[in-house]
Amino acid sequence: MENIKFLNPLKVNKTIDIVYLMCPMHIVSIKKALRELKEGEILEVLSDFSHALEDIPNWCKMSGHEFLGIIECDDYVKFYIRKSQVDPLNDLS
Numbered sequence: 001m002e003n004i005k006f007l008n009p010l011k012v013n014k015t016i017d018i019v020y021l022m023c024p025m026h027i028v029s030i031k032k033a034l035r036e037l038k039e040g041e042i043l044e045v046l047s048d049f050s051h052a053l054e055d056i057p058n059w060c061k062m063s064g065h066e067f068l069g070i071i072e073c074d075d076y077v078k079f080y081i082r083k084s085q086v087d088p089l090n091d092l093s
């Protein structure tokens with residue numbers, strides 16, 4: 001949980017609702033959504049999967065995308081990811 005930052009709302013370019021999705025589908029959905037964005041654009045992810053608090057920041061670190069932080073809501077968490085340029089030879093996204 002050391003990677004988690006709490007944010008005020010950001011201007012996002014795309015939002016995906018993956019509430020009720022569990023591993024590995026939450027990461028698969030994020031990968032698909034990021035492919036539709038341009039470098040520097042922000043993806044907002046709505047998730048209630050408890051392991052997402054660790055999985056999403058760790059996946060961002062491994063894939064090269066910038067994990068910006070979270071906002072906790074009553075029944076879910078909003079995750080914010082900025083799409084980075086990804087090396088095609090080491091593309092985990």
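In terms of full-length UniProt numbering, the sequence shown opens at residue 1 and continues consecutively.
Yeah, the Cβ is synthetic: ideal placement off N, Cα and C, and Gly gets one too.
Residue i classed as buried or exposed, judged by whether at least 16 other C-beta atoms fall within 10 angstroms
i: residue 82; result: buried
i: residue 182; result: No answer is possible for residue 182: the residues shown for the chain start at 1 and end at 93.
i: residue 51; result: exposed
i: residue 72; result: exposed
i: residue 74; result: exposed
Beta carbon of residue i nearer than 7 Å to that of residue j
i: residue 19; j: residue 44; result: no
i: residue 80; j: residue 68; result: yes
i: residue 10; j: residue 56; result: no
Integer Cβ distance of residue i from residue j, believed to fall under 8 Å
i: residue 34; j: residue 65; result: 7 Å
i: residue 29; j: residue 21; result: 6 Å
C-beta neighbour in chain B for residue i, strict 7 Å
i: residue 71; result: Of the protein chains in the structure, only one exists, and it is not chain B.
Candidates the options: closest to residue i by CA position
i: residue 32; options: 23, 16 and 40; result: 16
i: residue 61; options: 84, 23 and 26; result: 84
i: residue 24; options: 14, 59, 70 and 39; result: 59
i: residue 40; options: 78, 53, 49 and 14; result: 14
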